[in-house]
Amino acid sequence: MTSFHPEGVLMDTPENRGNRKSLITLQDSLANDKILEARAVVCDGDHNLIVDLGCIRGVIPREEGALGIREGITRDIAIISRVNKPVCFKVMGFAKDKDGKPCAVLSRKAAQQQCMEEYIRRLSPGDVIPAKVTHFEPFGCFVDIGCGIPSLIPIDAISVSRISHPADRFQIGQEIKAVVKSVEDSGKVCLSHKELLGTWEQNAANFHPGETVAGVVRSIENYGVFVELTPNLAGLAELRENVRVGQSASVYIKSLIPEKMKVKLIIVDSFDTDYDAGQLQYYFEGSHMDRWKYSPDCCEKVIGTQF
Numbered sequence: 003m004t005s006f007h008p009e010g011v012l013m014d015t016p017e018n019r020g021n022r023k024s025l026i027t028l029q030d031s032l033a034n035d036k037i038l039e040a041r042a043v044v045c046d047g048d049h050n051l052i053v054d055l056g057c058i059r060g061v062i063p064r065e066e067g068a069l070g071i072r073e074g075i076t077r078d079i080a081i082i083s084r085v086n087k088p089v090c091f092k093v094m095g096f097a098k099d100k101d102g103k104p105c106a107v108l109s110r111k112a113a114q115q116q117c118m119e120e121y122i123r124r125l126s127p128g129d130v131i132p133a134k135v136t137h138f139e140p141f142g143c144f145v146d147i148g149c150g151i152p153s154l155i156p157i158d159a160i161s162v163s164r165i166s167h168p169a170d171r172f173q174i175g176q177e178i179k180a181v182v183k184s185v186e187d188s189g190k191v192c193l194s195h196k197e198l199l200g201t202w203e204q205n206a207a208n209f210h211p212g213e214t215v216a217g218v219v220r221s222i223e224n225y226g227v228f229v230e231l232t233p234n235l236a237g238l239a240e241l242r243e244n245v246r247v248g249q250s251a252s253v254y255i256k257s258l259i260p261e262k263m264k265v266k267l268i269i270v271d272s273f274d275t276d277y278d279a280g281q282l283q284y285y286f287e288g289s290h291m292d293r294w295k296y297s298p299d300c301c302e303k304v305i306g307t308q309f
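When we follow the numbering used here, the leftmost residue of the sequence shown carries the number 3, and every step to the right adds one.
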């Protein structure tokens, strides 16, 4: 059974390199309908992608560059933006270029179509899947969920702790996990992420009153400053001069109140840094969740997700 991955995952695997090493192995890939990856090196004036296969040149004609190009649903930026990046494809045949040299005719669209039919359309709400961050918009983070097929994680679904921009949480090219919220008849998938980052109690268990710990200033309101301790846990500190959103902070933990899901803090210091946020900690390790409850059982307010 074919496994489907975000573009770039197969690039340096021994199997993928072996499938591209000669004309014979490329012919075998054609005969066996394999999905391969290689680097796109040029997008010509007609928006055909030129791919470096090593042994010969590959060409992905514009209309084979992505699902929806032929129909006008997908913009050509989906092709142009692949230059100098890995692309997935199927070998469709062999021809000669304008200089009479042999080249392989490739289709990224065919790989995406197979991924859509055999993987993406079969996903169900609650499925936990791998994804790769491709680009940001103020409203959310776009990820590749297989063969370059995009999906969106809305900004309010990235974490419980609110952020002003997806770049506050993710990096371009980062490999993450996501949970499926819905799959439309068209194959469009909507994702979430916060459910994988733990409940209030799981996050709060890492902290104790009396400790001074690291945090990030996420918002400043007229009644206090919200400081993130983890992506799914933030606390409220009293207002303090010269504190700005985005700064790192050292904060003293006054109290943890599970029945109100509150963390009371005192800001000891705030300062500008360029610390790496580090790896995300995922508390859910399974492949499917039916329900996620963020709030503790002792809390009257119930926050969670039903898939």
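Backbone N, C-alpha and C define an ideal beta-carbon position, used for all residues, glycine too.
Inter-residue Cα distance where the pair is residue i and residue j
{"i": "residue 309", "j": "residue 171", "result": "24 Å"}
{"i": "residue 244", "j": "residue 266", "result": "20 Å"}
{"i": "residue 34", "j": "residue 100", "result": "28 Å"}
{"i": "residue 222", "j": "residue 303", "result": "24 Å"}
{"i": "residue 220", "j": "residue 50", "result": "44 Å"}
{"i": "residue 253", "j": "residue 160", "result": "24 Å"}
{"i": "residue 72", "j": "residue 64", "result": "8 Å"}
{"i": "residue 202", "j": "residue 249", "result": "23 Å"}
{"i": "residue 177", "j": "residue 271", "result": "33 Å"}
{"i": "residue 131", "j": "residue 102", "result": "44 Å"}
{"i": "residue 69", "j": "residue 182", "result": "21 Å"}
{"i": "residue 150", "j": "residue 114", "result": "7 Å"}
{"i": "residue 39", "j": "residue 108", "result": "11 Å"}
{"i": "residue 5", "j": "residue 12", "result": "10 Å"}
{"i": "residue 268", "j": "residue 283", "result": "25 Å"}
{"i": "residue 234", "j": "residue 240", "result": "20 Å"}
{"i": "residue 26", "j": "residue 106", "result": "12 Å"}
{"i": "residue 301", "j": "residue 262", "result": "6 Å"}
{"i": "residue 43", "j": "residue 153", "result": "25 Å"}
{"i": "residue 213", "j": "residue 264", "result": "16 Å"}
{"i": "residue 225", "j": "residue 7", "result": "46 Å"}
{"i": "residue 104", "j": "residue 46", "result": "18 Å"}
{"i": "residue 238", "j": "residue 17", "result": "52 Å"}
{"i": "residue 175", "j": "residue 134", "result": "6 Å"}
{"i": "residue 327", "j": "residue 158", "result": "In the structure as shown, the chain starts at 3 and stops at 309, and residue 327 therefore has no counterpart that could be examined."}
{"i": "residue 289", "j": "residue 148", "result": "16 Å"}
{"i": "residue 228", "j": "residue 242", "result": "11 Å"}
{"i": "residue 246", "j": "residue 9", "result": "38 Å"}
{"i": "residue 145", "j": "residue 195", "result": "12 Å"}
{"i": "residue 198", "j": "residue 129", "result": "11 Å"}
{"i": "residue 29", "j": "residue 37", "result": "13 Å"}
Exposed unless 16 or more other CB atoms sit within 10 angstroms - verdict on residue i
{"i": "residue 173", "result": "exposed"}
{"i": "residue 166", "result": "exposed"}
{"i": "residue 31", "result": "buried"}
{"i": "residue 186", "result": "exposed"}
{"i": "residue 306", "result": "exposed"}
{"i": "residue 281", "result": "exposed"}
{"i": "residue 66", "result": "buried"}
{"i": "residue 81", "result": "buried"}
{"i": "residue 117", "result": "buried"}
{"i": "residue 296", "result": "buried"}
{"i": "residue 317", "result": "No answer is possible for residue 317: it lies beyond the span of the chain, which begins at 3 and ends at 309."}
{"i": "residue 190", "result": "exposed"}
{"i": "residue 230", "result": "buried"}
For residue i, the three-state DSSP class (helix, strand or coil)
{"i": "residue 300", "result": "coil"}
{"i": "residue 29", "result": "helix"}
{"i": "residue 133", "result": "strand"}
{"i": "residue 16", "result": "helix"}
{"i": "residue 160", "result": "coil"}
{"i": "residue 117", "result": "helix"}
{"i": "residue 312", "result": "Outside the displayed span of the chain (3 to 309) sits residue 312, for which this structure offers no information."}
{"i": "residue 255", "result": "strand"}
Any beta strand (DSSP E) of 3 or more consecutive residues that is wholly inside the stretch 75-114 = 88-98 and 104-109
Secondary structure, alpha helix (DSSP H): runs of 4+ residues fully inside the stretch 261-295 = none
Counting only runs that start and end within the stretch 164-227, where is the beta strand (DSSP E) found for 3 or more residues in a row?
-> 177-185, 191-194 and 214-223
Check whether the stretch 12-27 touches the stretch 46-57, counting contact only when three or more Cβ pairs, one atom from each stretch, lie closer than 8 Å.
-> yes
How about the stretch 88-95 and the stretch 122-141: do they share at least three Cβ pairs that are nearer than 8 Å?
-> no
Start-end ranges of the alpha helix (DSSP H) lying completely within the stretch 32-69, minimum 4 residues | none
Hey, is the stretch 73-93 in contact with the stretch 121-132, meaning 3+ C-beta pairs nearer than 8 Å?
-> no
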